[in-house]
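Q: Sequential numbering from 3 applies to the sequence shown in this note's numbering.
Don't be surprised by glycine CBs; every beta carbon is placed ideally from N, CA and C.
Here the structure is a predicted model, which is why all the values come from computation and not from measurement.
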Amino acid sequence: MSTLDEEDRREYYRIEDTIALEIRPLSASEAAGQEVLQDASPLFNLLSELHLSEFESQHLLRQISERDRNLAAFLKSQNKRIDLLSQVIALTVLGQIGEPQPVIISEGGIDFQHPTPFAAGAHLSIKLVLMPQALGLLLRARVTHCDPKGDGYDVGTEFQYPTDAQRQLLARYILQKQAQERRLARDQSESGI
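(1) Can you say whether Gln162 is buried or exposed, counting buried as having 16 or more other CB atoms within 10 angstroms of its CB?
(2) Could you tell me which of Ala22, Arg174, Glu58 and Leu28 sits nearest to Phe120, measuring between CA atoms?
(3) Specify the secondary structure class of Ile142 as computed by DSSP and reduced to three states.
(4) Could you give the uninterrupted runs of the alpha helix (DSSP H) lying entirely in the stretch 34-84, keeping only those of 4 residues or more?
(5) Relative to the alpha-carbon of Lys78, which residue among Arg169, Gly194 and Glu56 has its alpha-carbon at the smallest distance?
(6) Could you spell out the range, first to last residue, of the alpha helix (DSSP H) harbouring Leu172?
(7) May I have the straight-line CA-CA distance separating His147 from Gly154, to the nearest angstrom?
(8) Give the DSSP bridge partners of Thr20, in chain order.
(9) Which residues in the same chain have their Cβ closer than 6 Å to the Cβ of Gly138, if we skip the five residues on either side of it in sequence?
(10) Would you check if there are 3 or more beta carbon pairs closer than 8 Å linking the stretch 69-77 to the stretch 162-180?
(11) Measure from the alpha carbon of Leu52 to the alpha carbon of each residue in Gln178, Arg188, Leu171 and Ala187, then state which is nearest.
(12) Using the three-state DSSP reduction, which class does Ser127 fall into: helix, strand or coil?
(13) Below 8 Å on the Cβ atoms is my guess for Gly158 versus Asp189; work out the distance and round it to an integer in Å.
(14) Rounded to whole angstroms, what is the Cα-Cα separation between Gln60 and Val90?
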């Protein structure tokens, strides 16, 4: 994805969330590339691949569902088992990444707090685990701003060169989170809280 101007970045729906996050500056040679980043952790790579393959097979499951409901029901139950296994992997990965932290995330980028500053324009590797889906993504990002805030820095980034599957997984996660927040707000207003 090319550099987005302020107006384009506002096209994406942004949510506040708490996620596990690991930030690493990219070397000059890594920053020059556009290929999908690979993590040193085989568990994290496995977690990412699980979700990407599940996402890519959804249209096939819908087609099977139209022809054979029993087979579709069986495959959905197998998918649920795989989701549970991915959550186990995610809990292991979370121990390696660190404590979840508050962020603002959209399809286009992520804002987070960091103890050290990054130069505007710096290229980063951003590893994130989104719960409860246990969605693991490793994305390239470019720093758009870095401002002092409290004991650290407020860092804004835009994602660079995400695959279509990564972008769609992020969009689906954000829409699900938005729907969950709306349900919670509606339930609270109905109960008078």
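A: Taking the structure as given:
(1) Taking the sequence shown and counting its residues from 1, the one referred to as residue 162 is at position 160. Per the 10 Å Cβ criterion, buried.
(2) The residue given as residue 120 occupies position 118 in the sequence shown. Comparing Cα positions, the closest option is Leu28.
(3) Along the sequence shown, read from residue 1 onward, the residue named residue 142 stands at position 140. What sits at residue 142 in the sequence shown is Arg, not Ile. Three-state DSSP puts Arg142 in a strand.
(4) 44-69
(5) Reading the sequence shown from its first residue, position 76 is the one you call residue 78. Of Arg169, Gly194 and Glu56, the residue nearest in Cα terms is Glu56.
(6) For the purposes of this step, residue 172 is identified with residue 170 of the sequence shown, where counting begins at 1. Note, Leu172: alpha helix (DSSP H), Asp166 to Ser193.
(7) Looking up residue 147 in the sequence shown gives position 145. Looking up residue 154 in the sequence shown gives position 152. Rounded to the nearest angstrom, the two C-alpha atoms are 13 Å apart.
(8) Working through the sequence shown from its first residue, we reach residue 20 at position 18. According to DSSP, Thr20 bridges with Pro104.
(9) Taking the sequence shown and counting its residues from 1, the one referred to as residue 138 is at position 136. Once the five neighbours on either side are set aside, the close Cβ partners of Gly138 are Phe46, Leu49, Ser50 and Val131.
(10) no
(11) Within the sequence shown, the letter at position 50 stands for residue 52. Closest by alpha carbon: Leu171.
(12) In the sequence shown, counting from the first residue as 1, residue 127 sits at position 125. In this structure, Ser127 counts as strand in the three-state DSSP scheme.
(13) Taking the first residue of the sequence shown as position 1, residue 158 is located at position 156. Taking the first residue of the sequence shown as position 1, residue 189 is located at position 187. About 32 Å separates the two Cβ atoms, so there is no contact after all.
(14) Here residue 60 corresponds to residue number 58 of the sequence shown, with the count starting at 1. Here residue 90 corresponds to residue number 88 of the sequence shown, with the count starting at 1. About 22 Å.
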